[in-house]
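Q: Got a structure for you, written out below as structure tokens; questions coming shortly.
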Amino acid sequence: MKVLLTGGAGFIGSHTAVELMEKGYEVVIADNFANSKPEAVRRIERITGKKVALYPIDVADADKLEQIFREHTIDTVIHFAGLKAVGESVRYPVMYYRNNLDTTLTLLETMAKYGCRKFVFSSSATVYGDPATVPITEDMPTGDCSNPYGKTKYMIEQILKDAAFADPSLSIVLLRYFNPIGAHSSGLLFEDPNGIPSNLMPYIVKVAAGKLDHLNVFGNDYPTPDGTGVRDYIHVTDLAKGHVAAISYADQNSGVGIFNLGTGKGYSVLDVVNTFIRATGVNVPYVIAPRRPGDIAECYASPDKALKVLGWRAEHSLEDMCRDSWNAVAANPDGYPED
Ligand code: UFG
Numbered sequence: 025m026k027v028l029l030t031g032g033a034g035f036i037g038s039h040t041a042v043e044l045m046e047k048g049y050e051v052v053i054a055d056n057f058a059n060s061k062p063e064a065v066r067r068i069e070r071i072t073g074k075k076v077a078l079y080p081i082d083v084a085d086a087d088k089l090e091q092i093f094r095e096h097t098i099d100t101v102i103h104f105a106g107l108k109a110v111g112e113s114v115r116y117p118v119m120y121y122r123n124n125l126d127t128t129l130t131l132l133e134t135m136a137k138y139g140c141r142k143f144v145f146s147s148s149a150t151v152y153g154d155p156a157t158v159p160i161t162e163d164m165p166t167g168d169c170s171n172p173y174g175k176t177k178y179m180i181e182q183i184l185k186d187a188a189f190a191d192p193s194l195s196i197v198l199l200r201y202f203n204p205i206g207a208h209s210s211g212l213l214f215e216d217p218n219g220i221p222s223n224l225m226p227y228i229v230k231v232a233a234g235k236l237d238h239l240n241v242f243g244n245d246y247p248t249p250d251g252t253g254v255r256d257y258i259h260v261t262d263l264a265k266g267h268v269a270a271i272s273y274a275d276q277n278s279g280v281g282i283f284n285l286g287t288g289k290g291y292s293v294l295d296v297v298n299t300f301i302r303a304t305g306v307n308v309p310y311v312i313a314p315r316r317p318g319d320i321a322e323c324y325a326s327p328d329k330a331l332k333v334l335g336w337r338a339e340h341s342l343e344d345m346c347r348d349s350w351n352a353v354a355a356n357p358d359g360y361p362e363d
């Protein structure tokens, strides 16, 4: 069975490609390398010992996308491709709406033309906005997002729900990711953000590697046990396995399935820093800084539905995540090599 991964060279896409290929799926990757490198695809092939069909295209380009559907019988699309920097989305909202919505619409049109019925979407816990209570269940309200990036995720969910309502043969799975960190256990695949990272773990590993001076902990006056923000960090390999489970679900169900992919455990910024130091033996100097605008105090999943319906649960501990993040960075101090 062939699966098209848009954005398959990126952090979550590349790890998912490996998990799918290890389960016997054939993988086709479409990626414009806006925030990823071709080297990641070669490493997927090295880990699995199998070939990937790679198309270096923008999936909003309908002609180029169609070439993939002509050349391969695509059974399922997993749509990872998208712009995802919260701060950048506030500065360039039109670019975010154009890119993230266009790619999705072009995919849906092309899938319809070629009779492809299964679509798994990389959504985000950001669609819940500032949740009234935690843990967050899938039936809680969505849409009150504080930035254009989050709004694109919410809008795409609505588009996909409408598409599934109009065409009952479609099978759509919305996967709402919490905070993916960690790296492949081989140290070959990892998160490789452009420029200075804005997310916590990519920033921590740069401080640990001596490339940045210290971590700024954004706020220690939240109503949380130690005052710092609480999130549900999930190992990227666990997250990747959630996609394999989602494909099986899409095989057996039509309509829209919505699942949180998280561990169900909340850890504070200081929990992450202290666990990182313990797991790696490497120090991470930090200072307490003002709150970051738009941040919420606490966000963690109820992963119960994913366990009950998909039979999936996250297996890795926060220590595993810290160790794997660090091992990959230590083995690749300059990130993926350029071509
Ligand atoms: N943090 C710091 N210092 C930093 C970076 C982050 O203290 O340098 C803190 C944040 O304030 C927050 C926690 O670390 O409390 C996690 O921040 P991240 O930026 O790593 O992640 P967010 O929870 O803000 O956002 C992430 C993804 C979004 C996604 C969201 C879903 O980046 O794409 O989770 O909940 F929408």
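So in my numbering the end of the sequence shown lands on 363, straight run, no missing numbers. Virtual Cβ for every residue (Gly too), placed ideally from N, Cα, C. Remember, predicted model here, so these are calculated numbers, not experimental data.
#1: My output table needs one value for N298: the three-state DSSP class, helix, strand or coil.
#2: Under the criterion of a Cβ to heavy atom distance below 8 Å, does Y178 qualify as lining the ligand UFG?
#3: I'd like to know if the segment 212-223 and the segment 151-158 are in contact, where contact means that at least 3 CB-CB pairs between them fall below 8 Å.
#4: Taking just the CA atoms, how far does A354 sit from A233?
#5: Under 8 Å: do the segment 328-338 and the segment 273-292 share three or more Cβ pairs, one atom per stretch?
#6: Taking G318 and N171 to be in contact with their CB atoms under 8 Å, please state how far apart those CB atoms are, rounded to whole angstroms.
#7: Provide the residue(s) that pair with G279 in DSSP beta bridges, ordered along the chain.
#8: Report the CB separation of D250 from S292 in whole angstroms; it is logged as a contact under 8 Å.
#9: Thinking just about the alpha-carbon of each residue, which of M345, Y246, H340 and K108 is nearest to the one in N298?
#10: Measuring straight from C-alpha to C-alpha, what distance separates T166 and K329?
#11: Short of 7 Å in beta carbon distance, which residues of its chain neighbour Y121, apart from the five on each side in sequence? Order them along the chain.
#12: Quick one: grab the DSSP three-state call for L107.
#13: Candidates I81, I71 and C169: which alpha carbon is nearest E43's?
#14: Counting C-beta neighbours from all protein chains within 10 Å, is the total for F189 16 or more, i.e. buried, or is it exposed?
#15: Please state if the CB of D256 and the CB of G288 are separated by a distance shorter than 9 Å.
#16: So what does DSSP say about H267, is it helix, strand or coil?
#17: In three-state DSSP terms, what is F242?
#18: Should A232 be listed as close to the ligand UFG, given that the test is whether its C-beta is under 8 Å from any heavy atom?
#19: Going by CA-CA distance only, name the one from I180, H238 and T252 that's closest to I196.
#20: Sort E50, A187 and A264 by Cα distance to T100 and report the nearest one.
#21: Nearest by alpha-carbon distance to N223: which of K75, R316 and K142 is it?
#22: Can you tell me the Cβ-Cβ gap for T40 and A264, rounded? I've got them flagged as a contact below 8 Å.
#23: Does DSSP put P62 in a helix, in a strand, or in coil?
#24: Count the CB pairs spanning the segment 84-104 and the segment 142-151 that are closer than 8 Å, and state whether there are at least three.
#25: What separation, rounded to the nearest whole angstrom, lies between the Cα atoms of G153 and D168?
#26: What is the rounded straight-line gap between the Cα of C323 and the Cα of V311?
#27: Could you check the C-alpha separation between K47 and K26 for me, to the nearest Å?
#28: Can you tell which of E133, K74 and T30 has its C-alpha closest to the C-alpha of S60?
#29: At a threshold of 8 Å, does S380 count as lining the ligand UFG (C-beta to nearest heavy atom)?
#30: Provide the residue(s) that pair with L29 in DSSP beta bridges, ordered along the chain.
#31: Around the Cβ of M119, are there at least 16 other Cβ atoms within 10 angstroms (buried) or fewer (exposed)?
#32: Between E69, G174, K235 and A303, which lies nearest to S113 when the distance is taken from Cα to Cα?
#33: Tell me the DSSP secondary structure of A156 in three-state form.
A: So, from the listed chains and residues:
#1: Residue numbering aside, residue 298 sits at position 274 when the sequence shown is read from its first letter. N298: helix per DSSP, three-state reduction.
#2: In the sequence shown, residue 178 corresponds to position 154, counting from 1. Checking every heavy atom of the ligand UFG against the Cβ of Y178, none is found closer than 8 Å.
#3: Counting Cβ pairs under 8 Å, fewer than three are found: no touch.
#4: To locate residue 233, count along the sequence shown from 1; it is residue 209. To locate residue 354, count along the sequence shown from 1; it is residue 330. Rounded to whole angstroms, A233 to A354 spans 7 Å at the Cα level.
#5: With contact defined as three or more Cβ pairs closer than 8 Å, the segment 328-338 and the segment 273-292 are in contact.
#6: The residue given as residue 318 occupies position 294 in the sequence shown. The residue given as residue 171 occupies position 147 in the sequence shown. Between N171 and G318 the Cβ distance is about 6 Å, and since that is below 8 Å, they are a contact.
#7: Along the sequence shown, read from residue 1 onward, the residue named residue 279 stands at position 255. Answer is S195, bridged to G279.
#8: To locate residue 250, count along the sequence shown from 1; it is residue 226. To locate residue 292, count along the sequence shown from 1; it is residue 268. Correct: roughly 5 Å between the Cβ atoms.
#9: On the sequence shown, residue 298 is found 274 positions in, with the first residue counted as 1. Restricting attention to M345, Y246, H340 and K108, the CA atom closest to the CA of N298 is found in M345.
#10: Locating residue 166 in the sequence shown gives position 142, counting from the first residue. Locating residue 329 in the sequence shown gives position 305, counting from the first residue. Rounded to whole angstroms, T166 to K329 spans 17 Å at the Cα level.
#11: Taking the sequence shown and counting its residues from 1, one reaches residue 121 at position 97. Hits under 7 Å: P172 and T176.
#12: Locating residue 107 in the sequence shown gives position 83, counting from the first residue. Annotated three-state conformation of L107 is coil, per DSSP.
#13: By 1-based counting over the sequence shown, the position of residue 43 is 19. Nearest C-alpha to E43: I71.
#14: Mapped onto the sequence shown, residue 189 falls at position 165. By the neighbour-count definition (other C-beta atoms within 10 Å, threshold 16), F189 is an exposed residue.
#15: On the sequence shown, position 264 is the one that residue 288 refers to. On the sequence shown, position 232 is the one that residue 256 refers to. Yes, Cβ-Cβ distance for G288 and D256 is below 9 Å.
#16: Walking along the sequence shown from the start, residue 267 turns up at place 243. Look at H267 here: in three-state DSSP terms it is helix.
#17: Numbered from its first residue, the sequence shown carries residue 242 at position 218. Here F242 sits in strand by DSSP.
#18: Taking the first residue of the sequence shown as 1, we reach residue 232 at position 208. Within 8 Å of the C-beta of A232 there is not a single heavy atom belonging to the ligand UFG.
#19: If you number the sequence shown from 1, residue 196 lands on position 172. Ranked by Cα distance from I196, the options I180, H238 and T252 are led by I180.
#20: Stepping through the sequence shown from its first residue, residue 100 is reached at position 76. Of E50, A187 and A264, the smallest CA-CA separation from T100 is found for E50.
#21: In the sequence shown, the residue the question calls residue 223 occupies position 199. The residue with the shortest Cα to Cα distance from N223 is R316.
#22: Counting from one through the sequence shown, the residue named residue 40 turns up at place 16. Counting from one through the sequence shown, the residue named residue 264 turns up at place 240. Rounded, the Cβ-Cβ distance is 4 Å, consistent with contact.
#23: For the purposes of this step, residue 62 is taken as residue 38 along the sequence shown, with counting starting at 1. In the structure shown, P62 sits in a helix (DSSP, three-state: H, G or I).
#24: Note that the segment 84-104 touches the segment 142-151; at least 3 beta-carbon pairs, one per stretch, sit closer than 8 Å.
#25: Here residue 153 is taken as the residue at index 129 of the sequence shown, counted from 1. Here residue 168 is taken as the residue at index 144 of the sequence shown, counted from 1. In this structure, the alpha-carbon of G153 lies about 5 Å from that of D168.
#26: Within the sequence shown, residue 323 is the residue found at index 299, counting from 1. Within the sequence shown, residue 311 is the residue found at index 287, counting from 1. If I take the Cα positions, the gap works out to 23 Å.
#27: Here residue 47 refers to the residue found at position 23 when the sequence shown is read from its first residue. Here residue 26 refers to the residue found at position 2 when the sequence shown is read from its first residue. Roughly 12 Å between the two C-alpha positions.
#28: In the sequence shown, counting from the first residue as 1, residue 60 sits at position 36. Of the listed residues, the one whose Cα sits closest to S60 is T30.
#29: Missing from the structure shown is residue 380; the chain here goes from 25 to 363 and no further.
#30: As a first step, residue 29 is located in the sequence shown; it is residue number 5 there, counting from the start. Here L29 is bridged, per DSSP, to I53 and I102.
#31: In the sequence shown, the residue the question calls residue 119 occupies position 95. Exposed: under 16 other Cβ atoms inside 10 Å.
#32: Within the sequence shown, numbered from 1, the residue matching residue 113 stands at position 89. Ranking E69, G174, K235 and A303 by Cα distance to S113 puts G174 first.
#33: For the purposes of this step, residue 156 is identified with residue 132 of the sequence shown, where counting begins at 1. Coil.
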